[in-house]
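Number 176 in my numbering belongs to position 176 of the sequence shown; there are no gaps in the numbering.
C-beta atoms are modelled at their ideal positions from N, C-alpha and C, and glycine is treated no differently.
Everything numeric in this text was worked out from a predicted model, so none of it was measured.
Notes for the one structure printed next.
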Amino acid sequence: MSIAEFPRGDRGDRGAATQRSTNRIPPHSVEAEASLLGAMLLSREAVSIAFERGVRSDEFYKPAHQHIFDAIRALNSAGEPVDPITVGDELRRNNLLDGIGGIDALLTLQNATPAITSAERYAKIVRETASLRKLISVASEIAEIAYSGPEDVARAIDESESKIFDVSETNIGDASQRLGLLVN
């Protein structure tokens, strides 16, 4: 059997796999993001659900969705109503309204929301895909540590384990915080 007949992985050709992974689109669901934001624009309960589930703006893949979520959070924190008009005004005051597509984008989010009652599921999808993106990022950092040829391999492994632990701790920590809120 010649070397060409071995499957790629058996030849130690790991570079191709690494190259493929860098050209991939990270996990995300723009639809779940849009549906969660639309539900939040329609329902104070959906706003509460998103915050209770620990959703953060940096967990949204689409930058416009991050800005909309931040505007909703600011209004909610101030005790103000959350709807397309108030969110649009908040975005306008921060010079972000045109960048997200204007008031029409907010109305589209609101009108295209399949079900307000699914806000919890949308929030879960947003969080899970963000966790996967974070895991990919950490895996890249760990690969860089390994490729750098560290002198202290044990320390490199400890650092790598710590990075993975931080990703899992984010999810576990958020769950613990929610449990604490429910108990109190």
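- From the DSSP output, in three-state form, read off L182 for me. Model confidence at L182 stands at a pLDDT of 45, short of 50, so the residue's coordinates are unreliable and nothing is read from them.
- Message: If you measure between the beta carbons of L97 and G88, is that distance less than 8 Å?
- Response: In terms of Cβ geometry, L97 and G88 form a close pair [threshold 8 Å].
- Task: Output the distance between the C-alpha atoms of G149 and S140, rounded to the nearest integer angstrom.
- Result: Distance between the alpha carbons of G149 and S140 is about 15 Å.
- Query: When burial is assigned at 16 or more other CB atoms within 10 Å of the CB, is A71 buried or exposed?
  - Reply: By the 10 Å Cβ count, A71 comes out buried.
- Using 8 Å as the Cβ pair cut-off and three pairs as the minimum, do the segment 104 to 123 and the segment 36 to 44 touch? Yes: at least three Cβ pairs fall under 8 Å.
- Query: Do you know whose CA, among I25, V167, V47, lies nearest N122's CA?
  - Reply: A small correction: the amino acid at residue 122 is Tyr; Asn does not occupy that position in the sequence shown. For the set I25, V167, V47, the Cα lying nearest the Cα of Y122 is the one of V47.
- Message: Whole angstroms are fine: how far does the CA of T170 sit from the CA of E52?
- Response: Rounded to whole angstroms, E52 to T170 spans 15 Å at the Cα level.
- Report the residue from P81, S162, S131 whose alpha carbon sits nearest the alpha carbon of I142. Looking only at P81, S162, S131, the smallest Cα-Cα distance to I142 is reached by S162.
- Message: Using the three-state DSSP reduction, which class does A115 fall into: helix, strand or coil?
- Response: Annotated three-state conformation of A115 is coil, per DSSP.
- Which same chain residues, not among the five before or five after E33, have their C-beta less than 7 Å away from its C-beta? Result list for E33: F60, Y61, K62, H65, V126, in chain order.
- Query: Can you tell me whether I68 is buried or exposed, with buried defined as 16 or more other CB within 10 angstroms of its CB?
  - Reply: So I68 counts as buried.
- Item | Exposure of T117, with buried meaning 16 or more beta-carbon neighbours within 10 Å | A residue is called buried once 16 or more other Cβ atoms fall within 10 Å of its Cβ, and T117, having fewer, is exposed.
- Determine the direct distance from the alpha carbon of A105 to that of I136, and round the result to whole angstroms. When rounded, the distance between both Cα atoms is 30 Å.
- Taking the Cβ atom as the reference point for each residue, do I164 and A156 lie within a distance shorter than 8 Å? Taking the C-beta atoms as reference points, A156 is found no nearer than 8 Å to I164.
- Message: Distance check for D158 and I49, CA to CA, integer angstroms please.
- Response: Taking the straight line from one Cα to the other gives about 36 Å.
- Message: Classify A115: buried if its beta carbon has 16 or more other beta carbons within 10 angstroms, exposed otherwise.
- Response: Exposed is the call here.
- Message: Can you list, in chain order, the residues of its chain with a C-beta nearer than 7 Å to that of L37? Leave out the 5 residues immediately preceding and following it.
- Response: The residues are H65, I68, F69, L109.
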